[in-house]
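Here's the structure we're looking at; comments come further down.
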Amino acid sequence: MKRNPRVTSSRRKCRKAHFTAPSSVRRVLMSAGLSTELRHKYNVRSIPIRKDDEVQVVRGTYKGREGKVVQVYRRRWVIHVERITREKVNGSTVNVGIHPSKVIVTKLKLDKDRKALLDPQ
10 MKRNPRVTSS RRKCRKAHFT APSSVRRVLM SAGLSTELRH KYNVRSIPIR KDDEVQVVRG
70 TYKGREGKVV QVYRRRWVIH VERITREKVN GSTVNVGIHP SKVIVTKLKL DKDRKALLDP
130 Q
């Protein structure tokens with residue numbers, strides 16, 4: 010049941026908001042779950058994904074594959090993981106886009122901003 014009158018539950022408006030979201034909002038929407046060890050260590054369930062995080066694919070054709078995030082392609086709502094590529098007809102290889110909800114983060118790239126985000130204070 011809808012509780013907040015300021016938030017819409019209209020399918021049309023929600024879809025429009027999602028697909029026209031700016032990059033800053035897409036960052037938060039493109040979050041990935043943490044592995045069990047990281048979840049217990051930081052007491053956090055999910056975190057916005059970023060380049061150089063190490064992830065494991067848990068759904069789809071590439072299930073079980075692990076690698077480092079090469080690119081977070083916010084415009085297309087996907088991430089590119091190293092060694093997850095396919096060959097085009099002309100012989101060149103391209104990265105396969107994977108949605109962040111279909112991976113778990115196994116190792117975080119920690120900088121000072123991310124440490125501050127995860128540290129309980």
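Every position in the sequence shown, counted from 1, becomes a number in our numbering once 9 is added.
Glycine included, every Cβ here is placed at the ideal spot set by N, Cα and C.
Bear in mind the structure is a predicted one, so any value in this text is a computation, not a measurement.
Cα-Cα, which of V112, H108 and R123 is closest to E63?
As a position in the sequence shown, residue 63 is number 54, starting the count at 1. The shortest C-alpha separation from E63 is found at V112.
From H49 to A125, what distance separates their C-alpha atoms?
Stepping through the sequence shown from its first residue, residue 49 is reached at position 40. Stepping through the sequence shown from its first residue, residue 125 is reached at position 116. Between H49 and A125, the C-alpha separation is close to 17 Å.
Is the beta carbon of T94 closer than 9 Å to that of V87?
As a first step, residue 87 must be located in the sequence shown, where it is residue number 78. As a first step, residue 94 must be located in the sequence shown, where it is residue number 85. No; because the gap between Cβ atoms is not below 9 Å, this pair is not in contact.
Is the beta carbon of T115 closer than 9 Å to that of Q80?
Along the sequence shown, one-based indexing puts residue 80 at 71. Along the sequence shown, one-based indexing puts residue 115 at 106. No, they are not a contact pair.
Report buried or exposed for Y82, applying the criterion of at least 16 other Cβ atoms within 10 angstroms of its Cβ.
Translated into positions along the sequence shown, residue 82 becomes position 73. By the neighbour-count rule (16 or more Cβ atoms within 10 Å), Y82 is not buried but exposed.
What residue range is occupied by the uninterrupted beta strand (DSSP E) comprising R35?
Within the sequence shown, the letter at position 26 stands for residue 35. Here R35 belongs to no beta strand (DSSP E); instead the alpha helix (DSSP H) covers S32 to L38.
Going by C-alpha to C-alpha distance, which of K77, A30 and T45 sits closest to L38?
By 1-based counting over the sequence shown, the position of residue 38 is 29. Looking at the Cα atoms, A30 is the closest of the given residues.
Helix, strand or coil: which one does DSSP assign to H89?
Along the sequence shown, one-based indexing puts residue 89 at 80. In the structure shown, H89 sits in a strand (DSSP, three-state: E or B).
What are the uninterrupted segments assigned as beta strand (DSSP E) that are 3 or more residues long and contained completely in the region 51-109, given in chain order?
55-57, 63-66, 75-82, 87-96 and 102-107
Between V34 and K60, how many whole angstroms is the CB-CB distance? I'm expecting something under 8 Å.
The residue given as residue 34 occupies position 25 in the sequence shown. The residue given as residue 60 occupies position 51 in the sequence shown. Actually they are not in contact, since the Cβ atoms of V34 and K60 sit about 19 Å apart, beyond 8 Å.
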